[in-house]
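Reading through the structure tokens given below for one structure.
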Amino acid sequence: AIPASHDYCEVQHNAESRVVGFLPEDADEPLINYYYTTGTVSTALTHPLRERKTQLFRRRIDEAGLRAIFARPRVHTGRGYYTRDRDPWNRDAAVAGRAGAGDEEAELRARLEELDEEREAVLGALRDIETRRFEEEQQRRKEEE
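Okay, here's the thing in structure tokens:
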């Protein structure tokens, strides 16, 4: 109901991965994927300033957060991380044009910090999945008794 109220249509469902994907009725982005067992939402869209695709993941999103994301896919929830072009040498033209040795080092250190933050977010998502699977297994065992 939430996607339809914002003119999004379901375009994919993967029961094994427990994810449903949605696109706007009249556009090919942003793609919004909802992982319904973990409450993780990913949005894939072109960044307005960088002119490249980015993917933003938000973890443990409740119904209000889901409504906000479908209303404004770029909304910041404070509960996520993003991915972008992985080539650290492929810098924006403005940055590459003015980067000296010190700037290059600063850029690389900043990228390393981004990767550290992203790693922690991914590890957190993996822990959520492991916890969910453990709880599901415990529930199955109870039902079998």
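In this note's numbering, each residue's number is its place in the sequence shown (first place is 1) plus 1443. Glycine is no exception: its CB is placed at the ideal position from the N, C-alpha and C atoms.
DSSP has Ser1460 in a bridge; who is on the other side? DSSP output for Ser1460 lists no bridge partner at all.
Between the Cα of Arg1503 and those of Arg1570, Arg1515, Ala1487, Leu1466, spot the shortest distance and give me the residue it belongs to. Arg1570
Limits of the beta strand (DSSP E) - the one that Ala1487 falls within: 1483-1489
Which of helix, strand or coil DSSP assigns to Pro1467: Here Pro1467 carries a strand assignment [DSSP, helix/strand/coil].
Within this structure, are the beta carbons of Leu1499 and Thr1480 separated by less than 7 Å? no
If you reduce the DSSP assignment to three classes, tell me which class Val1565 lands in. helix
Here's the rule I'm using: 16 or more other beta-carbon atoms within 10 Å means buried, otherwise exposed. How should Ala1484 be labelled? Contrary to the premise, residue 1484 reads as Val rather than Ala in this sequence. Buried is the call here.
Pairwise C-alpha distance: Arg1501 and Leu1558: 16 Å
Does Phe1513 pass the burial test, meaning 16 or more other C-beta atoms within 10 Å, or should it be called exposed? buried
Note down the Cα distance separating Phe1577 from Arg1584, rounded to an integer number of angstroms. A straight line joining the alpha-carbon of Phe1577 with that of Arg1584 spans about 11 Å.
DSSP on Leu1499, reduced to helix/strand/coil? strand
If we call anything under 7 Å between Cβ atoms a contact, is Tyr1478 one with Arg1461? yes
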